[in-house]
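Residue numbers (this note's numbering): 6 to 117.
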């Protein structure tokens with residue numbers, strides 16, 4: 006009579022899965038964005054834009070019942086732009102603000 010080979014269990018071959026998770030730290034705004042001066046600058050920029058996105062070809066309307074608009078620094082603060090000068094501000098919808106910021110970040114890091 007012939008002996009059959011032993012069946013090997015897969016369990017010793019598998020590593021134990023690590024199910025630990027890490028939560029990202031809570032989001033917080035830059036302290037300077039919470040100042041009365043910044044709020045006044047933001048309001049001045051949005052009013053000057055008549056509560057519309059200023060991206061060429063975009064007609065997104067902000068304000069009550071409209072899209073969320075961001076008062077954006079034309080020259081970003083990290084690139085030397087002035088903080089509270091209304092001439093360095095423009096109103097952008099969230100989509101166009103993300104595009105503009107990503108492009109500026111890529112240029113700053115030499116990717117464009």
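Where is the CB? At the ideal position from N, CA and C, for every residue including glycine.
query	result
Cβ distance (whole Å) where residue 102 is taken to contact residue 75 below 8 angstroms	4 angstroms
Distance between beta carbons of residue 51 and residue 67, contact taken as under 8 angstroms	7 angstroms
Which of helix, strand or coil DSSP assigns to residue 65	coil
Span of the alpha helix (DSSP H) around residue 97	Segment 94–98 is the beta strand (DSSP E) holding residue 97; no alpha helix (DSSP H) there.
Expected contact under 8 angstroms - CB spacing of residue 84 and residue 113 to nearest Å	7 angstroms
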